[in-house]
Amino acid sequence: MSVINPPATGWRGKLRYRARVLLSEPTTLIGVLLIGAFAYLVIAPLVAIVSDAVRVQYGDDLRAGASVGSSTSYYLWRVFRSPISSDLFWEPFWHTLTVGIGVILFAVALGGSMAWLVTRTNVPGRKFLAGALVVPYMLPSWTFALAWLTLFKNGGSGGTPGYLESWGVTTPNWLAYGAVPMIVTLGLHYYPFVLLLFGNALRRMDSQLEESARVLGASRGQAMRSVVLPLLLPSLSSATLLIFGRVLGTFGTPYILGLPTDYSLLSTSLYRSIHTRSSGVAAVLAAVIVLLGVLVVLFDMRLVREQRRFVTIGGKGGMDRATDLRRWRWPAYGLGLGVFVVSVVVPLLTLLISTVTHTPGVFRADNFTLRFWLAADIPEAVGFPHGLLRGGELYEAMWNSVRIVGTSALLCGLLGLLVGYVVARSGSPRISGLLRQVSFLPYLVPGIAFAAAYLTLFAVPRGPIPALYGTVTLLVLVMVVTHLPYSSRSGIAAMMQLGKEPEEAAQVVGAGWFRRLWRIVVPIQKGSLATGVILPFISGIKELSIVIMLATAGMPLLTTLSIHLVDYGYTQQANAAVLVIAVVSFAVTYLAQRATRSSLASGLGG
Amino acid sequence: MRRHSTRSYQTAGRLPAMLLTGIVLAAAVACAPSSNGVGADSPLPTTSVQDAASFDLNALIEAAKKEGSVLAYDSSGDIVEVAKAFEAKYGIKAEGVKSKSGDTAEKLTRENQADNVTIDVTLFEDGPVLVGELLPRNVVTTWIPPDLAKDIPDANRDPLLVLSKANVWAYNTKLFPNGCPVKSMWELTEPAWSGKVVMQDPLGKPTLMQWLSQTTNHGADSLAQDYQKHAGSALRTSEQNASWEWIKRLAANKPVLTKADEDTTAAVAAPQQKEPRIGLLSIAKFRDVADKGYQMAVCEGLAPWVGFSYDKYGAIAAKSKHPNAAKLFIHFVMTQEGIVHEMGSGGISGNKAVPASPNNPPGLTNWDTQLFAVQSDQLLKDYQQAQTVQDFWRVKHG
Numbered sequence: 165m166s167v168i169n170p171p172a173t174g175w176r177g178k179l180r181y182r183a184r185v186l187l188s189e190p191t192t193l194i195g196v197l198l199i200g201a202f203a204y205l206v207i208a209p210l211v212a213i214v215s216d217a218v219r220v221q222y223g224d225d226l227r228a229g230a231s232v233g234s235s236t237s238y239y240l241w242r243v244f245r246s247p248i249s250s251d252l253f254w255e256p257f258w259h260t261l262t263v264g265i266g267v268i269l270f271a272v273a274l275g276g277s278m279a280w281l282v283t284r285t286n287v288p289g290r291k292f293l294a295g296a297l298v299v300p301y302m303l304p305s306w307t308f309a310l311a312w313l314t315l316f317k318n319g320g321s322g323g324t325p326g327y328l329e330s331w332g333v334t335t336p337n338w339l340a341y342g343a344v345p346m347i348v349t350l351g352l353h354y355y356p357f358v359l360l361l362f363g364n365a366l367r368r369m370d371s372q373l374e375e376s377a378r379v380l381g382a383s384r385g386q387a388m389r390s391v392v393l394p395l396l397l398p399s400l401s402s403a404t405l406l407i408f409g410r411v412l413g414t415f416g417t418p419y420i421l422g423l424p425t426d427y428s429l430l431s432t433s434l435y436r437s438i439h440t441r442s443s444g445v446a447a448v449l450a451a452v453i454v455l456l457g458v459l460v461v462l463f464d465m466r467l468v469r470e471q472r473r474f475v476t477i478g479g480k481g482g483m484d485r486a487t488d489l490r491r492w493r494w495p496a497y498g499l500g501l502g503v504f505v506v507s508v509v510v511p512l513l514t515l516l517i518s519t520v521t522h523t524p525g526v527f528r529a530d531n532f533t534l535r536f537w538l539a540a541d542i543p544e545a546v547g548f549p550h551g552l553l554r555g556g557e558l559y560e561a562m563w564n565s566v567r568i569v570g571t572s573a574l575l576c577g578l579l580g581l582l583v584g585y586v587v588a589r590s591g592s593p594r595i596s597g598l599l600r601q602v603s604f605l606p607y608l609v610p611g612i613a614f615a616a617a618y619l620t621l622f623a624v625p626r627g628p629i630p631a632l633y634g635t636v637t638l639l640v641l642v643m644v645v646t647h648l649p650y651s652s653r654s655g656i657a658a659m660m661q662l663g664k665e666p667e668e669a670a671q672v673v674g675a676g677w678f679r680r681l682w683r684i685v686v687p688i689q690k691g692s693l694a695t696g697v698i699l700p701f702i703s704g705i706k707e708l709s710i711v712i713m714l715a716t717a718g719m720p721l722l723t724t725l726s727i728h729l730v731d732y733g734y735t736q737q738a739n740a741a742v743l744v745i746a747v748v749s750f751a752v753t754y755l756a757q758r759a760t761r762s763s764l765a766s767g768l769g770g
Numbered sequence: 007m008r009r010h011s012t013r014s015y016q017t018a019g020r021l022p023a024m025l026l027t028g029i030v031l032a033a034a035v036a037c038a039p040s041s042n043g044v045g046a047d048s049p050l051p052t053t054s055v056q057d058a059a060s061f062d063l064n065a066l067i068e069a070a071k072k073e074g075s076v077l078a079y080d081s082s083g084d085i086v087e088v089a090k091a092f093e094a095k096y097g098i099k100a101e102g103v104k105s106k107s108g109d110t111a112e113k114l115t116r117e118n119q120a121d122n123v124t125i126d127v128t129l130f131e132d133g134p135v136l137v138g139e140l141l142p143r144n145v146v147t148t149w150i151p152p153d154l155a156k157d158i159p160d161a162n163r164d165p166l167l168v169l170s171k172a173n174v175w176a177y178n179t180k181l182f183p184n185g186c187p188v189k190s191m192w193e194l195t196e197p198a199w200s201g202k203v204v205m206q207d208p209l210g211k212p213t214l215m216q217w218l219s220q221t222t223n224h225g226a227d228s229l230a231q232d233y234q235k236h237a238g239s240a241l242r243t244s245e246q247n248a249s250w251e252w253i254k255r256l257a258a259n260k261p262v263l264t265k266a267d268e269d270t271t272a273a274v275a276a277p278q279q280k281e282p283r284i285g286l287l288s289i290a291k292f293r294d295v296a297d298k299g300y301q302m303a304v305c306e307g308l309a310p311w312v313g314f315s316y317d318k319y320g321a322i323a324a325k326s327k328h329p330n331a332a333k334l335f336i337h338f339v340m341t342q343e344g345i346v347h348e349m350g351s352g353g354i355s356g357n358k359a360v361p362a363s364p365n366n367p368p369g370l371t372n373w374d375t376q377l378f379a380v381q382s383d384q385l386l387k388d389y390q391q392a393q394t395v396q397d398f399w400r401v402k403h404g
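Heads up: the protein sequence lines correspond to chains A and B, in order. For the first sequence, my numbering gives the first residue as 165, with consecutive numbering after it. For the second sequence, my numbering gives the first residue as 7, with consecutive numbering after it.
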């Protein structure tokens, strides 16, 4: 603190001194403010949910044997002990664990190996692979489920038969529905998480560390075990957590793939409870999901506590040396390309083909058509009587989506960096620990429960906050809060690796806090800042469960448009809309990367 | 590489937890309860009809025009057409939105609590929730157009019945050229049809739950008689009556459950479909017969019923900002030129002066004798036993 003058005498001087200290190192102040704001925005809705779980809900007064609004354990009994409990809770609970762990293993194996391939080896086409392998995350997650069904569906569910079945191959139930397809489709959707977070950490890791270990006599495996893996553990656990949190909260895929064999997860059970208007049971289930999430966070904290604070970006030089794959270069490229084909080309192509056929699955010349994209008039589609690209609906929805999601993603990215800064720099472990937990909590609340809670809380004026129902502000607010975990995770991971040295150097020459943040932290972290903006953007642009509750009829978004088309049963136009979402998401990501000259993927490629 | 001190982390785990608890408690105090304190057993506000003589439709139209717009929610996509026709006739901006009745109910309730109402009027299929929740909580109100009241029978007034629709058992006419392969609903519960009965998941479709619920109340005798005829001996059951037994057997017979009628229809009748199946679906899906080359017909001759009829009610948001436009919209759908857009594939208006739709699907000839009728006066009972029926289905199906 050499730039600060010695304390002046008198209380006035002391106050001025304290204020100056606070301003030059304001992490504590910012930390407290952030915790206060997030606590209100995150915990208040959670409390609303939990309080619903222990109070008699409307219409249940006779069953619960108490008047509406009084406290009750009826819902707890119903969820955990009643004859229906195995259906409501226990089976979904075990299924959720199975699928969650399966998806994590699948995604870590796939994402981890791909991350290593594109960051630490001399595989041909590194740049291309680094970009291409992130694309699956830009598709709405139910794209995979829909494509899976289109291919593998058997007689066990309704709808038109799957391609395989119409070619005479009968797929067994375990392949068509339930745990296996859920693990594969969700794994294909979420492995880019691992790729990004893992890849960032791998790329930043100085390969001198590994080499020093080798020089000192460690074998390749030893160096991997005791140097590389511990360094990667924070990002690995981040990725694992993000995935598990997502699996806890996702219902689109489990709903599509689980219903035919009655394979339900906690999220589908919750969704069903909301739809059968059992709000008390829904509240208990939502609370359990949140609780599970909190347990995972605590577990993560314990894990990371042991391994925390390895600085991999210092003020010293670093080296990044690639492993030479020799004759395995091209097979490795083929492997990467194969993953891309399976996770992107196949599902998209399946959907694309369905948008240009009258009857999906029939490949005859007279069955192909462009009318679902271009026709001026489609008489049988009463609610949307023209091709998707005609009329103004698509463009209005597109503009709304980009505007609203863009604003929230930017806010999210900046907040995420701030959170990371406070967590890494705060002298108080209390503040950093609490901020870490609070900023991650939204991830574990299923979107639909969150949206419902926000409606309850902010639809009416509360203190200084006016009624927000039906406003853009409410959508932006909810999107920022729900996507905060992405950007704060990325911010924390990045800031943990940034040593204090560069900042201290600036401080010595007299740079104030804002100047340091703006001229040193942001430029160094611009890669992770871009990730912190782009991840929420991609996630937001295909977000459905939240916007379906909050978006009003006057403010259509791309996802609400597409789900309305699904509801109408206009499969072709709906699939076309999903493709448009994928294109918008991809285009904006690409442009943003060009503009910031650092990229989500290049977090990987270099 | 440097490793920072880990000394202070020993206590870090407990302190955040304590702080977190503190914040939770503080927030708990700060949050208002999200449910209000009215019980479901409180009496339903009775509907009275304004005197027809003093009612002036033109005054209503003028008042509605001043309000400028109306937003209508319905579980059928046809509402878009109805809104267009309304706008064309009165020059009042109207928008129709298709939304599942559960979502509509949730949204109506929230908007009401927030005093920020966007949905002005709804055509609502979930009668039990309407009568058990939305009306007694004053989220919506019933209004009966006085000038049309003479043609709206008492049974259709409380709440206002806009349109009766139907779900029917359908089969694939190409696979079964000689007519419906089953003659009794009990056959659907037998091994021969295991895994071949297709229907929407009743837990996701309130009208199906309502049908099951009402069957247990006033359909048991017909089902018992039909069993006697079909099996040649009286039904022995440990359940309360034949209807519960039928539901139990159907649920246990591995029915294929879908998310939407679209999927049910495709499973039964898509052009490339080769599996023999029977599906329960809305008569609205018969428009796919022409549009998509589907091949299906109503299971004519199925005893005791080929399907069931259910009702769609009209309700106005109690705090609507366009109450007159909403009333005018209700008036519009109670006339032929309004409701005709929802009767493209059959249906009967709640207004006796509106002729029945000529578009009933093939095989459905007599609405009254062929269909099990879901009755409006049982809605409250349905609401009260909804969970019982849901649980029964879940346990027997799982």
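The beta carbon of each residue, even a glycine, is placed where N, CA and C say it ideally should be. Keep in mind the model is a prediction, meaning the values are calculated, not measured.
Handout entry: Reduced DSSP secondary structure (H/G/I, E/B, other) of valine 333(A)
Key = Along the first sequence, one-based indexing puts residue 333(A) at 169. In the structure shown, valine 333(A) sits in coil (DSSP, three-state: anything other than H, G, I, E or B).
Handout entry: 7 Å Cβ shell around glutamine 736(A) - same chain, five flanking residues per side excluded
Key = Sequence index remark: in the first sequence, residue 736(A) carries index 572 (1-based). So the list reads Ser518, Thr519, Phe536, once near-sequence residues are dropped.
Problem - Coarse secondary structure for isoleucine 248(A), derived from DSSP in three states - result: The residue you call residue 248(A) lines up with position 84 of the first sequence. The answer is coil: DSSP assigns isoleucine 248(A) none of H, G, I, E or B.
Exercise for the section: Drop a sphere of 10 angstroms on the beta-carbon of glutamine 246(B), count the other beta-carbons inside from all chains shown, and report buried for 16 or more, exposed for fewer. Expected result: Residue mapping note: residue 246(B) aligns to position 240 of the second sequence, counting from 1. Counting Cβ neighbours within 10 Å, glutamine 246(B) comes out exposed, since fewer than 16 surround it.
Practice task
Scan the stretch 388–401 of chain B for residues whose Cβ lies nearer than 8 Å to a Cβ of chain A and list them as they occur along the chain.
Solution key: Tyr389, Gln390, Ala392, Gln393, Gln396, Asp397, Arg400, Val401
Exercise for the section: Tell me, please, whether the CB atom of histidine 439(A) is closer than 8 Å to any CB atom in chain B? Expected result: Counting from 1 along the first sequence, the entry for residue 439(A) is found at position 275. It does: the Cβ of histidine 439(A) has a partner Cβ on chain B nearer than 8 Å.
Practice task
Measure the alpha-carbon distance for glutamate 560(A) versus proline 152(B) and round it to whole angstroms.
Solution key: Position 396 of the first sequence holds residue 560(A). Position 146 of the second sequence holds residue 152(B). Rounded to whole angstroms, glutamate 560(A) to proline 152(B) spans 41 Å at the Cα level.
Exercise for the section: Anything in chain B within Cβ reach of glycine 195(A), meaning under 8 Å, just list it in chain order. Expected result: Residue mapping note: residue 195(A) aligns to position 31 of the first sequence, counting from 1. What glycine 195(A) touches in chain B: nothing, since even the nearest Cβ is about 12 Å away.
Problem - Cross-chain neighbours of valine 145(B) in chain A, by beta carbon under 9 Å - result: Position 139 of the second sequence, counted from the first residue, corresponds to residue 145(B). Per Cβ cutoff of 9 Å: no residues; valine 145(B) is ~11 Å from chain A at best.
Practice task
Name, please, each residue of chain D whose Cβ falls closer than 9 Å to the Cβ of aspartate 207(B).
Solution key: Among the chains of the structure shown, chain D does not appear; the protein chains present are A and B.
Exercise for the section: Determine the burial state of serine 572(A): buried for a count of at least 16 other Cβ atoms within 10 Å of its Cβ, exposed for fewer. Expected result: Walking along the first sequence from the start, residue 572(A) turns up at place 408. Buried is the call here.
Problem - Listed by chain order, chain A residues near glutamate 139(B) by CB distance under 7 Å - result: Residue 139(B) sits at position 133 when you count from the first residue of the second sequence. Going along chain A in sequence order, the residues near glutamate 139(B) (Cβ under 7 Å) are Tyr222, Gly223.
Exercise for the section: Identify each residue in the stretch 514–537 of chain A for which the Cβ-Cβ distance to at least one residue of chain B is less than 8 Å, and report them in chain order. Expected result: His522, Thr523, Gly525, Val526
Practice task
Report, in whole angstroms, the separation of the C-beta atoms of glycine 369(B) and alanine 303(B), which I expect to be a contact under 8 Å.
Solution key: On the second sequence, position 363 is the one that residue 369(B) refers to. On the second sequence, position 297 is the one that residue 303(B) refers to. The pair is a contact, with the Cβ atoms about 5 Å apart (cut-off 8 Å).
Practice task
Would you be able to state if there are at least three C-beta pairs under 8 Å between the stretch 489–506 of chain A and the stretch 283–293 of chain A?
Solution key: yes
Exercise for the section: Let me know if proline 197(B) comes out buried or exposed under the rule of 16 or more other beta-carbons within 10 Å of its beta-carbon. Expected result: Locating residue 197(B) in the second sequence gives position 191, where the first residue counts as 1. With fewer than 16 Cβ atoms within 10 Å of its Cβ, proline 197(B) is classed as exposed.
Practice task
Could you name the residues of the same chain whose beta carbon sits closer than 6 Å to that of leucine 385(B), not counting the 5 residues immediately before and after it, in chain order?
Solution key: Along the second sequence, one-based indexing puts residue 385(B) at 379. Around leucine 385(B): Gly133, Pro134, Val137.
Exercise for the section: Say whether the stretch 174–185 of chain B touches the stretch 372–391 of chain A, bearing in mind that this needs 3 or more beta-carbon pairs closer than 8 Å, one atom from each stretch. Expected result: no
Handout entry: Ordered list of beta strand (DSSP E) runs contained in the stretch 332–380 of chain B, each at least 3 residues
Key = 377–379
Practice task
Give me the Cβ distance between leucine 430(A) and phenylalanine 257(A), rounded to the nearest whole Å; I'm assuming they're in contact under 8 Å.
Solution key: The count along the first sequence starts at 1 and reaches residue 430(A) at position 266. The count along the first sequence starts at 1 and reaches residue 257(A) at position 93. So it is a contact: roughly 6 Å between Cβ atoms.
Problem - Proximity test, Cβ basis, 8 Å: glycine 634(A) and chain B - result: Translated into the one-based positions of the first sequence, residue 634(A) becomes position 470. Yes, contact with chain B.
Exercise for the section: Measure the C-alpha to C-alpha separation of arginine 410(A) and leucine 434(A) and round it to an integer number of angstroms. Expected result: Numbered from 1 along the first sequence, position 246 holds the residue referred to as residue 410(A). Numbered from 1 along the first sequence, position 270 holds the residue referred to as residue 434(A). So the two alpha carbons sit approximately 15 Å from each other.
Exercise for the section: Assign aspartate 47(B) to buried or exposed, taking buried as 16 or more other Cβ atoms, counted over all protein chains shown, within 10 Å of its Cβ. Expected result: The count along the second sequence starts at 1 and reaches residue 47(B) at position 41. Because aspartate 47(B) carries a pLDDT of 47, less than 50, the predicted location of this residue cannot be relied on, and no value is offered for it.
Problem - Bounding residues of the alpha helix (DSSP H) (the contiguous stretch that carries asparagine 64(B)) - result: Walking along the second sequence from the start, residue 64(B) turns up at place 58. Taken as a continuous stretch (DSSP letters only), the alpha helix (DSSP H) holding asparagine 64(B) covers 63–73.
Handout entry: Cross-strand partners of asparagine 178(B) (DSSP beta bridge)
Key = By 1-based counting over the second sequence, the position of residue 178(B) is 172. According to DSSP, which records beta bridges pairwise, asparagine 178(B) is partnered with Met302(B).
Exercise for the section: Work out the CA separation of arginine 378(A) and arginine 384(A) for me, nearest whole Å. Expected result: The residue labelled residue 384(A) in the question sits at position 220 within the first sequence. The residue labelled residue 378(A) in the question sits at position 214 within the first sequence. Distance between the alpha carbons of arginine 384(A) and arginine 378(A): 7 Å.
Practice task
Could you have a look at phenylalanine 316(A) and say whether DSSP puts it in helix, strand or coil?
Solution key: By 1-based counting over the first sequence, the position of residue 316(A) is 152. Residue state, collapsed to three classes: helix.
Practice task
Go to threonine 262(A), then tell me how far its alpha helix (DSSP H) extends in each direction, as first and last residue.
Solution key: Residue 262(A) sits at position 98 when you count from the first residue of the first sequence. Its alpha helix (DSSP H) spans residues 255–284.
Exercise for the section: For the alpha helix (DSSP H) containing leucine 210(A), list its first residue and its last residue. Expected result: In the first sequence, residue 210(A) corresponds to position 46, counting from 1. Segment 208–217, the alpha helix (DSSP H) holding leucine 210(A).
Practice task
For isoleucine 688(A), decide whether its Cβ has a neighbour in chain B, counting only Cβ atoms nearer than 8 Å.
Solution key: Residue mapping note: residue 688(A) aligns to position 524 of the first sequence, counting from 1. Output row for isoleucine 688(A): interface = no.
Practice task
Using 10 angstroms around the beta-carbon of glycine 778(A), count the other beta-carbons present and answer buried if the total reaches 16, otherwise exposed.
Solution key: Limits of chain A in this structure are 165 at one end and 770 at the other, which puts residue 778(A) out of reach.
Handout entry: Own chain, CB closer than 6 Å to arginine 182(A), minus 5 neighbours either side, in chain order
Key = In the first sequence, counting from the first residue as 1, residue 182(A) sits at position 18. If we look at arginine 182(A) and ignore the five residues flanking it on each side, it has no Cβ neighbours.
Practice task
Below 9 Å between beta carbons is the criterion; list the residues of the stretch 245–267 of chain A that meet it against any residue of chain B, in chain order.
Solution key: Ser246, Pro247, Ile248, Ser250, Asp251, Leu252, Glu255
Problem - Interface residues of chain B facing alanine 631(A) [CB-CB closer than 9 Å] - result: Residue numbering aside, residue 631(A) sits at position 467 when the first sequence is read from its first letter. Here the neighbours are Ala120, Asp121, Asn122.
Exercise for the section: Look at threonine 191(A) and tyrosine 585(A) and say whether their C-beta atoms are less than 8 Å apart. Expected result: On the first sequence, residue 191(A) is found 27 positions in, with the first residue counted as 1. On the first sequence, residue 585(A) is found 421 positions in, with the first residue counted as 1. Going by C-beta atoms, threonine 191(A) is nearer than 8 Å to tyrosine 585(A).
Handout entry: chain A residues whose Cβ lies nearer than 8 Å to that of glycine 108(B)
Key = For this step, residue 108(B) is matched to residue 102 along the second sequence. Under the 8 Å cutoff, chain A gives Ile438, His439, Thr440, Arg441.
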